[in-house]
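Heads up: the structure comes next, in structure tokens.
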Amino acid sequence: MEPFTNVRGAAAPMLSANIDTDVIMPKQFLKGIDRSGLDKGVFHDLRFLPDGRKNPDFVLNQAPWYDAKFLVVGPNFGCGSSREHAVWGLRQLGIRALIGSSFAGIFFDNCKRNGVLLIELTQEQVGGVGKSVSEEDAAVIEIDLPAQKISLADGTTLDFAIDGLRKDALVSGLDAIGGTLKLSDEIEQFERRHFAARPWLS
Numbered sequence: 001m002e003p004f005t006n007v008r009g010a011a012a013p014m015l016s017a018n019i020d021t022d023v024i025m026p027k028q029f030l031k032g033i034d035r036s037g038l039d040k041g042v043f044h045d046l047r048f049l050p051d052g053r054k055n056p057d058f059v060l061n062q063a064p065w066y067d068a069k070f071l072v073v074g075p076n077f078g079c080g081s082s083r084e085h086a087v088w089g090l091r092q093l094g095i096r097a098l099i100g101s102s103f104a105g106i107f108f109d110n111c112k113r114n115g116v117l118l119i120e121l122t123q124e125q126v127g128g129v130g131k132s133v134s135e136e137d138a139a140v141i142e143i144d145l146p147a148q149k150i151s152l153a154d155g156t157t158l159d160f161a162i163d164g165l166r167k168d169a170l171v172s173g174l175d176a177i178g179g180t181l182k183l184s185d186e187i188e189q190f191e192r193r194h195f196a197a198r199p200w201l202s
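The UniProt record's numbering applies: residue 1 is where the sequence shown begins, and numbers increase by one.
The following block contains the structure:
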């Protein structure tokens with residue numbers, strides 16, 4: 001995974017509550033057995049009109065949020081089915097982090113495994129960030145994961161909490177397999193001790 005340290009970019013406000021995984025990644029994009037091309041499916045029914053043209057009213061089709069790296073989202077974002085495609089698609093679209101007050105549990109875990117940083121703030125803080133980035137000249141923010149800080153365009157900074165293991169994995173760019181391989185020496189030492197004490201198992 002791409003390490004997440006200090007990332008700067010536009011943050012798009014999407015503050016509606018209960019945006020579910022069918023909205024994030026509609027079911028017609030779940031047919032493939034690989035992960036390719038899912039960026040086209042993200043928010044498809046919001047991003048595009050029935051005739052295929054981009055919907056000019058959708059925030060990600062507007063400047064300066066075309067290439068947003070972050071989304072500021074409403075409560076319970078990612079509810080609905082467990083489809084991991086939603087997170088794969090967000091990542092392929094270039095989304096590095098989501099800022100919200102609450103996220104659906106399975107969606108939260110899927111983000112954790114696929115390199116998308118979820119930041120939980122109070123609803124009041126999320127509302128403030130969403131209002132700030134809604135202004136075209138204040139859309140760019142910076143997230144410093146090692147320092148656990150969000151810097152807004154007006155100089156305001158917000159601290160955020162994160163589980164230590166999740167932070168280390170994101171900063172190091174390690175998925176679950178990478179995290180396990182990092183412990184290869186300890187695993188091998190355990191195996192040697194285990195089988196030496198129980199030779200009948202080897």
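C-beta: ideal position from N, C-alpha, C; glycine also.
List the endpoints of the continuous beta strand (DSSP E) containing residue i.
| i | result |
| --- | --- |
| Asn110 | Where Asn110 is concerned, there is no enclosing beta strand (DSSP E), although the alpha helix (DSSP H) it sits in stretches over Gly105 to Arg113. |
| Leu90 | Looking at the DSSP string, Leu90 is not in any beta strand (DSSP E); the run it does join, the alpha helix (DSSP H), is His85 to Gln92. |
Measuring alpha carbon to alpha carbon, tell me which residue in the options is nearest residue i.
| i | options | result |
| --- | --- | --- |
| Ser132 | Lys31, Leu15 and Val7 | Leu15 |
| Leu121 | Ala68, Met25, Phe103 and Glu136 | Phe103 |
| Ala138 | Asp175, Trp65, Lys182 and Gln123 | Trp65 |
| Ile106 | Ala197, Gly127, Ile119 and Glu84 | Glu84 |
| Pro75 | Gln62, Asn18, Asp39 and Ile24 | Asn18 |
| Met1 | Val42, Cys111, Phe195 and Gly52 | Cys111 |
| Ala171 | Phe160, Glu191 and Asp144 | For the record, residue 171 in the displayed sequence is Val; it is not Ala. Nearest option by C-alpha distance: Asp144. |
| Asp154 | Gly128, Gln148, Asp163 and Ile177 | Gly128 |
| Phe70 | Gln123, Phe58, Val7 and Asp109 | Val7 |
| Val73 | Ile95, Leu174, Arg53 and Lys54 | Ile95 |
| Glu142 | Asp109, Pro56 and Thr157 | Thr157 |
| Ala86 | Leu201, Asp22 and Asp163 | Asp22 |
| Gly178 | Arg113, Lys31, Asn61 and Asp51 | Arg113 |
| Gly115 | Leu93, Gly130, Ser134 and Val126 | Leu93 |
Give the range of the alpha helix (DSSP H) segment to which residue i is assigned.
| i | result |
| --- | --- |
| Ala97 | Premise fails: Ala97 lies in the beta strand (DSSP E), Ala97 to Gly100, not in any alpha helix (DSSP H). |
| Ile21 | Checking the sequence shown, residue 21 turns out to be Thr, not Ile. First-last of the alpha helix (DSSP H) with Thr21: Thr21 to Ile24. |
| Ser184 | Ser184 to Ala197 |
Just list the residues that DSSP pairs residue i with in beta bridges.
| i | result |
| --- | --- |
| Leu117 | Ala97 |
| Arg8 | Glu142 |
| Lys54 | Phe48 |
| Ile177 | The partner list for Ile177 (beta bridge, DSSP) is empty, contrary to what the question assumes. |
| residue 207 | Since the first and last residues shown for the chain are 1 and 202, residue 207 lies out of range. |
| Val129 | None; Val129 has no bridge partner. |
| Val72 | Pro13 and Ile99 |
| residue 224 | The structure shown has nothing for residue 224, since the chain only spans 1 to 202. |
Consult DSSP for residue i and reduce its assignment to one of helix, strand or coil.
| i | result |
| --- | --- |
| Leu170 | helix |
| Asp67 | coil |
| Pro13 | strand |
| Lys27 | helix |
| Ser134 | coil |
| Val59 | helix |
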